[in-house]
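Undergrad: The sequence shown: position 414 = 414 (full-length UniProt numbering), numbered continuously. Before we start, here is the structure in question, set down as structure tokens.
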Amino acid sequence: MLDMLNYLGISPYSGENFYAAEVKDMTSIIQRIIADGFRLELPETVDLVLETGICSKDDEIDGNCIVRARGLPWQSSDQDIAKFFRGLNVAKGGVALCLSPQGRRNGEALVRFVSQEHRDMALKRHKHHIGSRYIEVYRASGEDFLSVAGGATCEAAAFLSRGAQVIVRMRGLPYDATPQQVLDFFSTGENPVLVLDGAEGVLFVRRADGRATGDAFVLFSKEEDAPKALSRHRKSIGARYIELFRSTTAEVQQVLNRSLETRTSQSSTPSAAPAPAEGLLPVALVPQHVITSGTAKDCVRLRGLPYEAQVEHILTFLDEFAKNIVVQGVHMVYNAQGHPSGEAFIQMDSEASAFLCAQHKHHRYMTFGKKQRYIEVFQCSGDDMNLVLTGGVTPATSPKVLSPGPLTYYYPAMGPTLPPPPLVYWGYPTPPVSPAHYYHPPHHPGTMIPEVVSVGGGSPIPIPPPAACPEWPIYMVN
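Shown next, in the form of structure tokens:
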């Protein structure tokens, strides 16, 4: 608006009421255009709601219509991003939320507009705000958009072509869950809602060997179904409570693409990995997640876990205390060979939560198939956790960011060695934000509950683990 006023040499209206001033400025612009002899014959329709759509990796995308939005709130949906660009027409299915290599939303999105003109106007939204966050907007390419939103599986295309307005991702499902159980989960209770096309509107995500991951995507026909469906968050199927997340077509594509890539890579990988060349060490990855620090004992450490245990089993074991875990707060521990160590760290929302969890769950049994293992549960601080993560070496600078640094450490038992390996992330995609993020956190009298902020970013950097200590633990964060 201001650009047009300046171009036409019109002084902006300076009234106190912003909306009245906007209307007067628009009126001045139209009157001037008509007075100059222009005819307004071809009105352009502006979409109020983002329409869903699917994209194939074989599609041709005009690179002059793509922008990258950076700095988005973690809980933003594709509709939220479309509202940020309100007044501009986004192509069908044109918002692709980007996932990190660990499957978490990284605060970026690629947006495809219907024309270069709309893309150019979108670039003028650079450093405008969503809530208290300012959003950076940059040019991007068609290849960038296809790499995120483009689908490569017929399964995803068939699922997403049903015309759903809402996609919900389920997490924590029993591995033997059936489509009928999912349908019953949503159709019962206080706010029943019907899944689009019944069992055909449920898509289970499976691992490379065909086993279920405990995740599924579910379709709903209209926007009004979204709050009803998400109201079932943390309700149960059998003994398992289920987490629900608002999802997008691009997220479905990315998750299934990665599943396909995993299957392809595993089928082409020999059963025995070749030994590293002489003089070379195995490679670990520097983490992208910020681990908590400080002396507050708001963490718990689990020992004695079955080697087959995964995050879902830990959540089931913690039972009612699982609701006090912060977002992305379960950290599984693996050794240098990538095998489970039987340990895990859990970040809780307060010291009181960690204390009660340790008090009630210490030496309780975890049932895994026919096995029963008693689990040790200890309350600990962020500093305690970081001390273990760094192999007993206190970080020299910022305690919140694990950086291996260039130093060589000396241990009397083994002589000089390289720094211990940093965290390595679990590779299977998991969603970053739960609707619980919007709810009030549980109240613990007399305890301050800190705000939980999810952080990520940066590219993995190869760093070798210590040669003299091949069994040094590597921590994978799920």
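Even for Gly, the Cβ is constructed at its ideal location relative to N, Cα and C.
Determine the burial state of K297: buried for a count of at least 16 other Cβ atoms within 10 Å of its Cβ, exposed for fewer.
TA: So K297 counts as buried.
Undergrad: Would you be able to state if there are at least three C-beta pairs under 8 Å between the segment 365-379 and the segment 299-308?
TA: Yes: at least three Cβ pairs fall under 8 Å.
Undergrad: Please give me, in chain order, every unbroken run of the alpha helix (DSSP H) with length at least 4 that falls completely inside the segment 49-106.
TA: Listed in chain order, the complete alpha helix (DSSP H) runs (minimum 4 residues) inside the segment 49-106 are 78-84.
Undergrad: With 8 Å as the threshold, decide whether the Cβ of Q328 is near any Cβ in chain B.
TA: The question asks about chain B, but that chain is absent: this structure has only one protein chain.
Undergrad: So, are the CB atoms of V300 and A352 less than 8 Å apart?
TA: In this structure, A352 does not lie closer than 8 Å to V300 by Cβ.
Undergrad: Counting pairs of Cβ atoms below 8 Å between the segment 158-176 and the segment 193-202, do you hit three or more?
TA: Enough Cβ pairs lie closer than 8 Å, so yes.
Undergrad: Please identify the residue among G210, I325, E251 and F317 whose C-alpha is closest to the C-alpha of T52.
TA: Measuring from the Cα of T52, the nearest candidate turns out to be E251.
Undergrad: Kindly indicate which residue of Q253, G189 and K222 has the alpha-carbon position closest to the one of A216.
TA: That would be Q253, whose Cα lies nearest to the Cα of A216.
Undergrad: Name the DSSP beta bridge partners of S141, please?
TA: Note: S141 sits in no beta bridge, so no partner.
Undergrad: May I ask which residues mark the beginning and end of the beta strand (DSSP E) holding V166?
TA: Note, V166: beta strand (DSSP E), V166 to R171.
Undergrad: Per DSSP, A216 forms a beta bridge with which residues?
TA: According to DSSP, A216 bridges with M170 and F204.
Undergrad: Please classify L72: is it buried, with 16 or more other beta-carbons within 10 angstroms of its beta-carbon, or exposed?
TA: It counts as buried.
Undergrad: Residues bridged to T367 by DSSP?
TA: Note: T367 sits in a beta bridge opposite Q372.
Undergrad: Thinking C-alpha only, which one of L196, S381 and A354 is nearest E320?
TA: When only C-alpha atoms are compared, the closest one is A354.
Undergrad: Taking three-plus beta-carbon pairs below 8 Å as touching, is the segment 135-153 in contact with the segment 94-113?
TA: Taking 8 Å as the limit for Cβ pairs, the verdict is that the segment 94-113 does touch the segment 135-153.
Undergrad: With DSSP as the reference, label F18 as helix, strand or coil.
TA: If DSSP states are grouped into helix, strand and coil, F18 belongs with the helices.
Undergrad: Determine the direct distance from the alpha carbon of K24 to that of N17, and round the result to whole angstroms.
TA: Looking at the two C-alpha atoms, the distance is approximately 11 Å.
Undergrad: Hey, out of E190, L219, S247 and N257, whose CA is closest to R232's CA?
TA: Of E190, L219, S247 and N257, the residue nearest in Cα terms is E190.
Undergrad: Here's the rule: buried if 16 or more other CB atoms are within 10 angstroms of the residue's CB, otherwise exposed. What is M476?
TA: With a pLDDT of 45 at M476, under the threshold of 50, the predicted position of this residue should be treated as unreliable, and no value is reported.
Undergrad: Determine whether the beta carbon atoms of L183 and V193 lie at a separation below 8 Å.
TA: Not in contact: L183 and V193 (Cβ atoms no closer than 8 Å).
Undergrad: For the candidate residues R246, C55 and V46, whose alpha-carbon lies nearest to that of N157?
TA: Note that residue 157 corresponds to Ala in the displayed sequence, not to Asn. For A157, the nearest C-alpha among the options comes from C55.
Undergrad: Counting only the same chain and skipping the five closest in sequence on each side, list residues whose C-beta sits under 6 Å from that of F185.
TA: So the list reads I237, once near-sequence residues are dropped.
Undergrad: Only counting runs of 4 or more residues, tell me where the alpha helix (DSSP H) segments fall wholly within the segment 308-340, in order along the chain.
TA: Segments of the alpha helix (DSSP H) lying fully in the segment 308-340: 311-318.
Undergrad: Note down the Cα distance separating F84 from I130, rounded to an integer number of angstroms.
TA: Each residue's Cα considered, the two are about 7 Å apart.
Undergrad: When the Cα of T316 is compared with those of E44, G214, R258 and D349, which residue comes out closest?
TA: When each option's Cα is compared against that of T316, the closest is G214.
Undergrad: Considering only C-alpha positions, which residue in the set C65, C98 and D59 is nearest to D78?
TA: Of the listed residues, the one whose Cα sits closest to D78 is C98.
Undergrad: According to DSSP, is P399 part of a helix, a strand, or is it coil?
TA: Because the pLDDT at P399 is just 39, under 50, the model does not fix this residue reliably, and the value given afterwards should be weighed accordingly. In the structure shown, P399 sits in coil (DSSP, three-state: anything other than H, G, I, E or B).
Undergrad: Per DSSP, which residues does P379 bridge with? Please list them.
TA: Note on residue identity: the sequence assigns Gln, not Pro, to residue 379. Partner(s): V300.
Undergrad: Applying the criterion that 16 or more other CB atoms from any shown protein chain within 10 Å of the CB defines a buried residue, is R104 buried or exposed?
TA: Answer is buried; the Cβ neighbour count reaches 16.
Undergrad: Can you give me the C-alpha to C-alpha distance between K124 and V377, rounded to a whole angstrom?
TA: One C-alpha to the other measures close to 53 Å.
Undergrad: Under three-state DSSP, which class holds V46?
TA: Coil, per DSSP.
Undergrad: How about V330 and D349: are their beta carbons less than 8 Å apart?
TA: Cβ atoms of V330 and D349: not closer than 8 Å.
Undergrad: For a test of the three-state rule: what should DSSP assign to G210, helix, strand or coil?
TA: Here G210 sits in coil by DSSP.
Undergrad: Beta-carbon within less than 6 Å of Y134's beta-carbon, same chain only, minus the 5 sequence neighbours each way: which residues are those?
TA: K127, listed in sequence order.
Undergrad: Which whole-angstrom value is the C-beta distance of R211 and S259, which I expect to be below 8 Å?
TA: Rounded, the Cβ-Cβ distance is 11 Å, inconsistent with contact.
Undergrad: Skipping 5 residues on each side, what residues in its chain have a beta carbon closer than 7 Å to that of E155?
TA: Closer than 7 Å at Cβ, skipping near neighbours: L256.
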